[in-house]
DNA sequence: TATCTAATATTAGATAGCTAACAATTAATG
DNA sequence: CATTAATTGTTAGCTATCTAATATTAGATA
């Protein structure tokens, strides 16, 4: 087994071809999660909260629906995360424009403070992750991932159109 | 927003640099999961079972410990998955070589049968995922992912050596 | 205005992953 | 041989995600 593939086990190579990429992506996602979590946990922010905070730091005052869409998470997931974040004092949730349905989330001073504390940690995690990759390799990596995401989203949409109910992906499957 | 980035939301570009890759990897892993699950579900095999089946198809009779390591999942996870797979008749679990600790898993005829039924579905999912990527792009994608995985594993190991307890990644964070 | 439809949020329940603690067996050591 | 350490498996309990079903409000239409 060569150096480059040190971390890849036999189950990845039992088939030549593309199957292996699914495995690599899964492991990379797991690694990113854990690397970020090591750092974020020092500030007592969970990974899910981090996702929503990042979106709010860029655009404060989004509704729960908008947040769940941008985070690519379901509404109940956003709901419980936002409730928790309000309890922790990172955000407040309230209606705006006289619309009693939409619940908008607004960062508190503490929520903004977290940005300065947490972002350097995340940047560090990502610099570590791509160490040793050239700019060109990183560019192709980004492009390839974006293409795959689009392909897979279309695949899921096609299945939905064909009436195939997309089964739940519960638990922690991407680890 | 250009075509290539259609599926990427604003939270990905709020920082130039590497952070975006973590996001792309997460979304790609999610897409792979769902794409596979759409297909596997037609045969009533969960994603977790699929992971262990793939390993057994390549090397039958592995112990629970070996299976959990190759799958990059914890032992309790392997344990419950294997118990379930035995109930479903895909494998049998038994001791070998007079060692009463090790529980080895052996595929049943039904377990082997699943290989022929499921592998084409997974190959299809992966062909869809990488459609539009040249062979060279796929090669660089594989290499880049492998490098990142190694970097992130080393990062986690370093943290462990420094005495940083790696916090759990519960729930479904990679979605 | 009244009624229907769409949008949004909430609640309830299920599940696969995780950690931690325990049990049982095997190997190592005095 | 007895005791300790290492290995392996098991059980218990937690949690973030998901789907499904429900409630509430806003908008559209007769």
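Protein chains in written order, with this note's numbering: chain A, 45 to 219; chain B, 45 to 219. In this text, a Cβ means the ideal position worked out from N, Cα and C, and glycines have one as well.
Counted within 10 angstroms of its Cβ, other Cβ atoms place residue i as buried (16 or more) or exposed
i	result
residue 179 (chain A)	exposed
residue 77 (chain B)	buried
residue 191 (chain B)	buried
residue 217 (chain A)	Summary for residue 217 (chain A): the model assigns pLDDT 49, below 50, so the residue's position carries little reliability; its value from the coordinates is reported in the next sentence. Buried: at least 16 other Cβ atoms inside 10 Å.
residue 121 (chain A)	buried
residue 75 (chain B)	buried
residue 62 (chain B)	Here residue 62 (chain B) scores only 44 on pLDDT, less than 50, and its place in the model is too uncertain to base an answer on.
residue 47 (chain A)	Any reading at residue 47 (chain A) is ruled out, since the residue's pLDDT is 29, under 50, leaving its predicted position unreliable.
Residue-level contact to chain B via CB, residue i, 7 angstroms cutoff
i	result
residue 127 (chain A)	no
residue 172 (chain A)	yes
residue 75 (chain A)	yes
residue 141 (chain A)	no
residue 199 (chain A)	yes
residue 188 (chain A)	yes
residue 195 (chain A)	yes
residue 252 (chain A)	The requested residue 252 (chain A) does not occur in the structure, where chain A is confined to residues 45 to 219.
residue 184 (chain A)	yes
residue 149 (chain A)	no
Contact check, residue i vs residue j, beta carbons under 7 angstroms
i	j	result
residue 137 (chain A)	residue 125 (chain A)	no
residue 111 (chain B)	residue 68 (chain A)	no
residue 175 (chain A)	residue 195 (chain B)	yes
residue 73 (chain B)	residue 73 (chain A)	yes
residue 161 (chain A)	residue 87 (chain A)	yes
residue 184 (chain B)	residue 184 (chain A)	yes
residue 95 (chain A)	residue 71 (chain B)	no
residue 104 (chain A)	residue 151 (chain A)	yes
Among the options, nearest to residue i - alpha-carbon criterion
i	options	result
residue 202 (chain B)	A:193, A:172, A:109, A:164	A:172
residue 241 (chain A)	A:181, A:158, A:206	This structure leaves residue 241 (chain A) out entirely; chain A is present only between 45 and 219.
residue 146 (chain A)	A:153, A:193, A:107, A:206	A:107
residue 89 (chain B)	B:193, B:163, B:205	B:163
residue 154 (chain A)	A:140, A:135, A:167	A:135
residue 93 (chain B)	B:186, B:103, B:71, B:132	B:132
residue 205 (chain A)	B:82, B:66, B:64, B:65	B:82
residue 79 (chain B)	B:128, B:156, B:166	B:166
residue 139 (chain B)	B:85, B:187, B:109, B:200	B:109
residue 97 (chain A)	A:130, A:143, A:119	A:130
residue 128 (chain B)	B:91, B:114, B:113, B:116	B:91
DSSP three-state assignment for residue i, whether helix, strand or coil
i	result
residue 196 (chain B)	helix
residue 191 (chain B)	helix
residue 51 (chain B)	In this prediction, residue 51 (chain B) scores a pLDDT of 31, lower than 50, which makes its location untrustworthy; the coordinate-derived value is nonetheless stated afterwards. Residue state, collapsed to three classes: coil.
residue 203 (chain B)	helix
residue 147 (chain B)	coil
residue 107 (chain A)	strand
residue 174 (chain B)	coil
residue 20 (chain B)	There is no way to answer for residue 20 (chain B), as the model of chain B reaches only from 45 to 219.
residue 89 (chain B)	coil
residue 140 (chain B)	coil
residue 64 (chain B)	helix
Residue-chain proximity (residue i, chain A), Cβ-Cβ < 7 angstroms
i	result
residue 69 (chain B)	yes
residue 176 (chain B)	yes
residue 78 (chain B)	yes
residue 204 (chain B)	no
residue 100 (chain B)	no
residue 191 (chain B)	yes
residue 130 (chain B)	no
residue 106 (chain B)	no
residue 181 (chain B)	yes
residue 135 (chain B)	no
residue 72 (chain B)	yes
Proximity test, residue i beta-carbon vs the ligand SAM heavy atom, cut-off 6 angstroms
i	result
residue 134 (chain A)	Summarising the ligand content, the structure contains no ligands, and the ligand SAM is consequently not present.
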